[in-house]
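First comes the structure, then the notes that go with it.
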Amino acid sequence: MAGEWQGPLCQPHDRTAIAALRRATRTEIPLGESGFVEGLEAKFQIRLRPQPLGWPNKKAAQSETTPTHAAPLKARMASSSPID
Numbered sequence: 002m003a004g005e006w007q008g009p010l011c012q013p014h015d016r017t018a019i020a021a022l023r024r025a026t027r028t029e030i031p032l033g034e035s036g037f038v039e040g041l042e043a044k045f046q047i048r049l050r051p052q053p054l055g056w057p058n059k060k061a062a063q064s065e066t067t068p069t070h071a072a073p074l075k076a077r078m079a080s081s082s083p084i085d
């Protein structure tokens, strides 16, 4: 029983697994399958995976805030009559 933990340490090391573990440790991102990470996020109600960098996509942000029936400003200006 005392030697059970020594077995895996004596096996050849998987360089890709070690690199993934080091990257997860350095970036503080959980290492595991997406279902495992999603379970942690749901359990603790925090976001663990990194989000895309930069501002949100302009097209997606406009569709959430601008009604679909609103005409662009240039079209509204062209259709309005000039003030005399």
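So the sequence shown is numbered by my numbering: it starts at 2 and just counts up by one.
Just so you know, even glycine gets a beta-carbon here, dropped at the ideal spot from N, CA and C.
The continuous stretches of alpha helix (DSSP H) do not include I47, and DSSP gives it neither H nor E. In the three-state DSSP reduction, E34 falls in the coil class, being neither helix nor strand. If you compare the alpha carbons of E42, A20 and W6 with that of R50, the shortest gap goes to E42. Annotation: the continuous alpha helix (DSSP H) that includes P9 extends over Q7 to C11. Taking 8 Å as the upper bound for CB-CB distance, A21 and L32 are in contact here, some 6 Å apart.
It is roughly 32 Å from the alpha-carbon of E29 to the alpha-carbon of K60.
For L22, the uninterrupted alpha helix (DSSP H) segment begins and ends at R16 to T28.
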